[in-house]
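Data first, discussion second: the structure below is written as structure tokens.
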């Protein structure tokens with residue numbers, strides 16, 4: 001018998017015993033009934049808005065990674081889509097250590113720089129994902145940077161140089177890789193380079209939020225998935241999972257104000273411990289259609305207006321601008337294979353012996 005046949009047998013045996021439902025379902029329903037607002041304000045279009053999203057793809061070889069990154073923005077005047085902007089990067093990442101964390105950070109740099117570039121053109125910025133999550137997610141190699149002060153010192157020194165050449169048109173960390181190789185190699189090189197990338201990432205988010213604040217712009221981030229437990233609806237499941245399981249009517253949850261000073265999961269490096277802690281976000285879960293997504297709002301804007309804009313842009317229960325920019329920037333495996341063909345890269349993946 002094949003593995004598929006065995007899995008089917010196991011699935012039938014487990015039928016009815018596996019369920020994502022939260023414990024104490026009736027108590028959860030009572031708690032949700034107190035915080036759920038079952039009516040969205042009438043739809044209205046913002047005067048101008050931009051939607052921003054990023055994408056990444058990779059090919060893993062034995063010891064290194066070839067990657068393609070993209071970040072796009074679409075400007076909307078009223079409800080009509082306008083110009084599409086796309087930034088992209090193709091390169092080789094070596095060594096292989098921490099490549100997952102570094103690629104996520106590199107894409108984040110490109111994505112938040114695209115947001116920073118387009119911010120001056122609009123009143124409202126729509127981002128895919130969670131800005132709070134981006135700020136609270138530590139780099140995977142934090143424990144190594146903590147253990148070795150020379151690694152941390154080198155990255156922080158290079159970051160001061162990076163700020164002098166910082167631009168929104170490219171990933172500036174890459175310009176300093178050669179300087180890192182003068183002192184470090186192998187895993188230590190990956191840690192220092194990755195930490196420098198992480199500092200540029202935090203700096204870009206800081207500049208975006210600071211400029212939005214000073215220019216009176218609103219930043220709205222929308223997450224289809226979330227690990228947050230702001231309402232503490234279940235001991236194990238995050239809020240968004242519980243809300244999606246309850247078959248709620250269209251509406252939204254009572255907004256909560258979240259300050260990063262309350263989120264002390266870890267410390268920020270260098271100057272960022274002071275720069276980032278003062279930002280506050282309004283957080284809610286919104287259901288304009290068939291499912292719930294998380295909304296984070298930054299800036300001086302009435303939350304009812306945010307709901308009206310999201311209601312206006314909702315198509316099949318999700319903001320159309322974000323769906324449109326996602327389609328524009330998605331990097332497929334076929335796209336990456338074409339990049340590899342042009343680069344004439346046909347290295348060893350290590351899977352050849354398995355016929356893959």
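In this note's numbering, the protein residues as written are 1 to 356. All C-beta atoms in this analysis are idealised placements derived from N, C-alpha and C, irrespective of residue type, glycine included. Since the model is a prediction, treat every value here as computed from it, not as a measurement.
- Based on the DSSP output, what are the partners of residue 127 in its beta bridges? Indexing the chain shown from 1 puts residue 127 at position 127. Answer is 52 and 221.
- Message: For a test of the three-state rule: what should DSSP assign to residue 39, helix, strand or coil?
- Response: Residue mapping note: residue 39 aligns to position 39 of the chain shown, counting from 1. Reduced to three states, the DSSP call for residue 39 is coil.
- Message: Let me confirm a value: residue 6 is counted as buried when at least 16 other C-beta atoms fall within 10 Å, else exposed. Which label applies?
- Response: What you label residue 6 is simply residue 6 of the chain shown in a count that begins at 1. Around the beta-carbon of residue 6, fewer than 16 other beta-carbon atoms lie within 10 Å, marking it exposed.
- Based on the DSSP output, what are the partners of residue 86 in its beta bridges? Position 86 of the chain shown, counting from 1, holds the residue named residue 86. DSSP, once it has assigned bridges, lists 72 as partnering residue 86.
- Continuous beta strand (DSSP E) stretch holding residue 186: start and end: As a working mapping, residue 186 is identified with position 186 in the chain shown. Unbroken run through residue 186 is the alpha helix (DSSP H), 186–215; no beta strand (DSSP E).
- Message: Count Cβ pairs between the segment 270–290 and the segment 66–86 that sit closer than 8 Å; are there 3 or more?
- Response: no
- For residue 57 and chain B, any beta-carbon pair shorter than 7 Å? Here there is only one protein chain, and chain B is not present.
- Task: Please name the residue or residues paired with residue 61 in a DSSP beta bridge.
- Result: Working through the chain shown from its first residue, we reach residue 61 at position 61. Answer is 64.
- Query: If you draw a straight line from the alpha carbon of residue 137 to that of residue 329, how long is it in whole angstroms?
  - Reply: Here the question's residue 137 lines up with position 137 in the chain shown. Here the question's residue 329 lines up with position 329 in the chain shown. Looking at the two C-alpha atoms, the distance is approximately 24 Å.
- Would you grab the beta carbon distance between residue 130 and residue 296 for me? Rounded to a whole angstrom, and I think it's under 8 Å. Translated into the one-based positions of the chain shown, residue 130 becomes position 130. Translated into the one-based positions of the chain shown, residue 296 becomes position 296. Cβ atoms of residue 130 and residue 296 come within 8 Å of each other, at about 6 Å.
- Message: Within 8 Å, do at least three Cβ pairs link the segment 238–246 to the segment 157–167?
- Response: no
- C-alpha distance - residue 298 paired with residue 342, whole-angstrom precision: Your numbering for residue 298 matches position 298 in the chain shown. Your numbering for residue 342 matches position 342 in the chain shown. Going by C-alpha positions, residue 298 is about 42 Å away from residue 342.
- Query: Looking at the unbroken alpha helix (DSSP H) that takes in residue 320, where does it start and where does it end?
  - Reply: Start at 1 with the first residue of the chain shown, and residue 320 comes out as number 320. Unbroken alpha helix (DSSP H) run through residue 320: 320–329.
- Locate the beta strand (DSSP E) running through residue 251, then write down its first and last residues. Here the question's residue 251 lines up with position 251 in the chain shown. Residue 251 -> beta strand (DSSP E) spans 251–253.
- Query: Are the segment 276–288 and the segment 52–62 touching by the rule of at least three beta carbon pairs closer than 8 Å?
  - Reply: no
- Contact belief for residue 123 with residue 47 at Cβ below 8 Å, rounded distance in angstroms: Along the chain shown, one-based indexing puts residue 123 at 123. Along the chain shown, one-based indexing puts residue 47 at 47. By a beta-carbon distance limit of 8 Å, residue 123 contacts residue 47. Their separation comes to about 6 Å.
- Beta-carbon separation of residue 255 and residue 284 under 7 Å? Locating residue 255 in the chain shown gives position 255, counting from the first residue. Locating residue 284 in the chain shown gives position 284, counting from the first residue. Cβ atoms of residue 255 and residue 284: closer than 7 Å.
- Task: Evaluate contact between the segment 296–315 and the segment 208–224, counting only Cβ atoms and requiring at least three cross-stretch pairs below 8 Å.
- Result: yes
- For residue 285, which beta-bridge partners are listed by DSSP? Indexing the chain shown from 1 puts residue 285 at position 285. Residue 285 pairs with 294.
- Query: What is the DSSP secondary structure of residue 30, counted as helix, strand or coil?
  - Reply: One-based indexing of the chain shown puts residue 30 at position 30. Three-state DSSP puts residue 30 in a helix.
- Rounded to a whole number of angstroms, what is the C-alpha to C-alpha distance between residue 314 and residue 10? Within the chain shown, residue 314 is the residue found at index 314, counting from 1. Within the chain shown, residue 10 is the residue found at index 10, counting from 1. So the alpha carbons of these two residues sit roughly 40 Å apart.
- Could you check the C-alpha separation between residue 213 and residue 114 for me, to the nearest Å? Locating residue 213 in the chain shown gives position 213, where the first residue counts as 1. Locating residue 114 in the chain shown gives position 114, where the first residue counts as 1. Approximately 17 Å between the Cα atoms of the pair.
- Item | Supposed close pair residue 287, residue 251 - CB separation, criterion 8 Å | The sequence position of residue 287 within the chain shown is 287, counting from 1. The sequence position of residue 251 within the chain shown is 251, counting from 1. Indeed, because the Cβ distance is near 6 Å, the residues count as touching under 8 Å.
- Check each candidate in 305, 191 and 110 and name the one with the smallest Cα separation from residue 201. Locating residue 201 in the chain shown gives position 201, where the first residue counts as 1. The residue with the shortest Cα to Cα distance from residue 201 is 110.
- Message: Mapping the DSSP letters down to three states, classify residue 271 as helix, strand or coil.
- Response: Locating residue 271 in the chain shown gives position 271, where the first residue counts as 1. Here residue 271 sits in coil by DSSP.
- Message: Can you list, in chain order, the residues of its chain with a C-beta nearer than 6 Å to that of residue 144? Leave out the 5 residues immediately preceding and following it.
- Response: Stepping through the chain shown from its first residue, residue 144 is reached at position 144. The residues are 191.
- Option nearest residue 117 by Cα separation, candidates 132, 134 and 84: Sequence index remark: in the chain shown, residue 117 carries index 117 (1-based). The residue with the shortest Cα to Cα distance from residue 117 is 84.
- Query: By Cβ distance, which residues of its chain are closer than 8 Å to residue 290, with the 5 residues on each side in sequence left out?
  - Reply: As a working mapping, residue 290 is identified with position 290 in the chain shown. By the criterion of a C-beta distance shorter than 8 Å, residue 290 is surrounded in its chain by 316 and 317, once the five residues flanking it on both sides are discounted.
- Item | Simplified DSSP assignment, three categories, for residue 333 | What you label residue 333 is simply residue 333 of the chain shown in a count that begins at 1. Of the three classes helix, strand and coil, the one that applies to residue 333 here is helix, per DSSP.
- Below 6 Å CB to CB, which residues in the same chain sit around residue 78 once its five sequence neighbours on both sides are set aside? Looking up residue 78 in the chain shown gives position 78. These residues qualify, in order along the chain: 45.
- Message: Taking only three categories from DSSP, how would you classify residue 246?
- Response: The residue labelled residue 246 in the question sits at position 246 within the chain shown. The answer is coil: DSSP assigns residue 246 none of H, G, I, E or B.
- Message: Restricting to Cα atoms, I'd like to know which of 68, 326 and 8 is closest to residue 339.
- Response: Here residue 339 refers to the residue found at position 339 of the chain shown. Checking every option, the nearest Cα to that of residue 339 belongs to 68.
- Query: Of the residues 211, 199, 148 and 203, which one's Cα is nearest the Cα of residue 187?
  - Reply: Taking the first residue of the chain shown as position 1, residue 187 is located at position 187. Per the Cα distances, 148.
- Query: Considering residue 307, what are the terminal residues of the alpha helix (DSSP H) in which it resides?
  - Reply: Looking up residue 307 in the chain shown gives position 307. Note, residue 307: alpha helix (DSSP H), 303–313.
- Item | For residue 339, three-class secondary structure by DSSP | Position 339 of the chain shown, counted from the first residue, corresponds to residue 339. Note: residue 339 maps to helix in three-state DSSP.
- Cβ atoms of residue 198 and residue 139: under 7 Å apart, would you say? To locate residue 139, count along the chain shown from 1; it is residue 139. To locate residue 198, count along the chain shown from 1; it is residue 198. Yes, Cβ-Cβ distance for residue 139 and residue 198 is below 7 Å.
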